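Reviewing the structure listed below.
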RNA sequence: GUAGCCGUAGCUCAAUUGGUAGAGCCCCGCAUUGUGGUUGCGGUUGUUGUGGGUUCGAGUCCCAUCGGUUACCCCA
C-alpha cells in the first residue's frame, strides 16, 4: 500500500522487533554508567541558538548544520545538535558545581543536524555520553575512557581502535595550525589536489589524507606535541600509563583533532574498521574552560559522546522470539468478560500473555501459540482448559484453580 | 553542500535490443499429517517512488522532483 505520508529525510522509524535491540543497548548503557555512579541527566530538545553558536564554535560545521527557527516571539530556537553545551548549561544553571564538587553524569538522547544523510549519519540521531566535572586529574580521563570500552565490550563489539592525543589549549592549537600551514605551503607543489584545497580552510585535515602523494610530506609534518607545555605532556603521559595499566590498547595519534571549539588537552576517538567512512563510534576529550566561558566557575571537565546507530551496525545480535508464557483463546463472546478477568489475574501474577482478540479458529491458534514459543494455551469457554504445549497434556480447571495449577507445572 | 549509483507486491528480488508486470518468503483460509513446528491447494496486496516528456507503445529512454546509498566533506 502506498502511504500518503513519508518520513522526513534523514529520519527513521525504529520498528519491532528491532526495538528490542535498542532496549538492550540502552539498558546496557544505563547499567554500566550507574555502576560507575554516573547519574542520568535529561535536558530539553530545544535550546536557544546562542548556546550552541557561542560555545561549540560559530564557524564549525555542527553549528552550521543546526535546525534553527524563530518562534512566535522572534526568539531564535534550535533543536539540540549535541549534548555537551546543554549539560554544561544545566550544570551551571542548577548550581551543581556547589552541590556536587565532583559531578558525574550521563545521558541517552536524540540530536538533530541537517547534514546529508548517509548510512550511520542521520538528521535525527541518537547518542549517549558521559561528562565528569570538577577535576583535571588524569584518572578522570582514564575512567571516562574505561566506561566507553566497558560498554562496547558488554555489547560484544570488538575490532575497535582507540586513538588518543593531546591537543593542548586553544593558544597551542592556533600556533600549531599556522605552523602546519607554513609547512604545507612550503611543500605545496607535491601535495595532492585535494589537500591543496584543504590548505587554507582546514590544514589539519591534510594529516589524515588518504592520497599516496601526501604521505611522505605528512610523515615529516610538525607535531602538536612539540608545542605542549610540560604540564600538558605530563598529564598526557599519565593518562597513557593508566590505560596501559587497565590493559586498554590505544594508538597514539599525534594528528587527532576534534571538530568542536571547546576541546583541549586529551582527545580521543574510538573507531571501527567495518563501517565505511562513518567509522567513529565514540569521540570525546577534555573541555576545561567551557564551564567558565559559559558563566560558571572555573571547572575542568572531560567526557565523550557515542553514536547509537553506529553501535547498532556493529552489534549484530539475534532478535529474540516473542517467548510468551500463555496464549489465550476466548472465541465465544458469551465468555469474553470471564476471559478478560482471567487475563487481568494472570498479568497481575507476572505471566506474559498473548490474547488473540482476532478470534482465529482454534487450530490456527494452537499453531500460532507454538510458533511464538508459548508454554501454555488457555481456552476459555464454559469450561476452562489449560493445555501444556510442551507435554501436550490438556486439563480442565475452574477459574480459581488456574494459578495453582500453573504453579504446579 | 558537490559527484556517482539505485527506487518493481509487507520483505528479498525477476522481467531478453522499449511490446500483455512475475517468483520466493510472509500473511489469511481450506484440506492433510502417527491428529501442534509437516505437506498440498487456494487467496489478498502493485496507477513499477512521484510528476512531466519522447514513442503506435515506457518498469525499461529523457527531464524534474522525492527518498535511499557510496565517495568527498564532516562527524557520533
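Numbering (the numbering used here), first residue to last: 87 to 495.
Here a beta-carbon is modelled for each residue, glycine too, at the ideal position from N, C-alpha and C.
Given the structure is predicted, the values throughout are model-derived calculations rather than measurements.
Looking at the structure shown, is residue i part of a helix, part of a strand, or coil, going by DSSP?
{"i": "residue 458", "result": "coil"}
{"i": "residue 114", "result": "helix"}
{"i": "residue 436", "result": "coil"}
{"i": "residue 410", "result": "coil"}
{"i": "residue 152", "result": "coil"}
{"i": "residue 210", "result": "strand"}
{"i": "residue 191", "result": "strand"}
{"i": "residue 232", "result": "helix"}
{"i": "residue 370", "result": "strand"}
{"i": "residue 224", "result": "helix"}
{"i": "residue 248", "result": "strand"}
{"i": "residue 422", "result": "helix"}
{"i": "residue 337", "result": "strand"}
{"i": "residue 466", "result": "strand"}
{"i": "residue 217", "result": "strand"}
For residue i and residue j, I'd like the C-alpha separation in whole angstroms.
{"i": "residue 89", "j": "residue 100", "result": "17 Å"}
{"i": "residue 479", "j": "residue 461", "result": "11 Å"}
{"i": "residue 305", "j": "residue 382", "result": "41 Å"}
{"i": "residue 102", "j": "residue 372", "result": "38 Å"}
{"i": "residue 398", "j": "residue 273", "result": "42 Å"}
{"i": "residue 194", "j": "residue 278", "result": "41 Å"}
{"i": "residue 147", "j": "residue 345", "result": "8 Å"}
{"i": "residue 119", "j": "residue 388", "result": "15 Å"}
{"i": "residue 105", "j": "residue 209", "result": "19 Å"}
{"i": "residue 329", "j": "residue 98", "result": "37 Å"}
{"i": "residue 352", "j": "residue 385", "result": "16 Å"}
{"i": "residue 216", "j": "residue 198", "result": "19 Å"}
{"i": "residue 186", "j": "residue 331", "result": "28 Å"}
{"i": "residue 173", "j": "residue 229", "result": "19 Å"}
{"i": "residue 303", "j": "residue 129", "result": "46 Å"}
{"i": "residue 121", "j": "residue 238", "result": "15 Å"}
{"i": "residue 49", "j": "residue 107", "result": "What is shown of the chain runs 87 to 495, which leaves residue 49 out entirely."}
{"i": "residue 307", "j": "residue 323", "result": "22 Å"}
{"i": "residue 380", "j": "residue 175", "result": "7 Å"}
{"i": "residue 152", "j": "residue 164", "result": "7 Å"}
{"i": "residue 113", "j": "residue 282", "result": "46 Å"}
{"i": "residue 459", "j": "residue 489", "result": "20 Å"}
{"i": "residue 376", "j": "residue 212", "result": "23 Å"}
{"i": "residue 240", "j": "residue 150", "result": "35 Å"}
{"i": "residue 481", "j": "residue 470", "result": "8 Å"}
{"i": "residue 234", "j": "residue 321", "result": "20 Å"}
{"i": "residue 355", "j": "residue 160", "result": "39 Å"}
Could you please give the first and the last residue of the uninterrupted beta strand (DSSP E) stretch that includes residue i?
{"i": "residue 473", "result": "470-474"}
{"i": "residue 375", "result": "Segment: none, residue 375 is in no beta strand (DSSP E) and carries neither H nor E."}
{"i": "residue 388", "result": "387-393"}
{"i": "residue 482", "result": "480-483"}
{"i": "residue 97", "result": "That residue, residue 97, is in no beta strand (DSSP E); it is neither H nor E in DSSP."}
{"i": "residue 356", "result": "350-358"}
{"i": "residue 163", "result": "162-165"}
In the DSSP assignment, find the unbroken alpha helix (DSSP H) run with residue i in it and report its ends.
{"i": "residue 322", "result": "316-332"}
{"i": "residue 173", "result": "170-179"}
{"i": "residue 492", "result": "488-494"}
{"i": "residue 302", "result": "301-305"}
{"i": "residue 200", "result": "Residue 200 -> no alpha helix (DSSP H), and no H or E assigned at all."}
{"i": "residue 185", "result": "182-185"}
For the ligand FMN, is there a heavy atom less than 7 Å away from the beta-carbon of residue i?
{"i": "residue 100", "result": "In the structure shown, the ligand FMN is absent, as is every other ligand, since no ligand is present at all."}
Ignoring anything shorter than 3 residues or poking outside the region 103-147, list the beta strand (DSSP E) runs there in chain order.
-> The region 103-147 contains these whole beta strand (DSSP E) runs: 132-134.
Kindly confirm or deny that the region 116-127 and the region 178-194 touch, where touching means at least three C-beta pairs closer than 8 Å.
-> Short answer: they touch.
Decide yes or no for the touch test of the region 413-432 against the region 462-481: beta carbon pairs closer than 8 Å, at least 3 of them.
-> Yes: at least three Cβ pairs fall under 8 Å.
Sufficient close CB pairs (3 or more, under 8 Å) joining the region 221-234 to the region 145-156 | Taking a contact to require three or more Cβ pairs closer than 8 Å, the region 221-234 and the region 145-156 do not qualify as touching.
Any contact of the region 328-348 with the region 246-259, i.e. 3+ C-beta pairs under 8 Å?
-> Contact holds: three or more Cβ-Cβ distances are below 8 Å.
Unbroken stretches of the alpha helix (DSSP H), 4 residues or longer, contained in the region 253-294 | Unbroken alpha helix (DSSP H) runs of no fewer than 4 residues, entirely contained in the region 253-294, are found at 256-272, 279-287, 289-292, following chain order.
Should the region 127-140 be regarded as contacting the region 168-175, the criterion being three or more beta carbon pairs within less than 8 Å?
-> Counting Cβ pairs under 8 Å, three or more are found: they touch.
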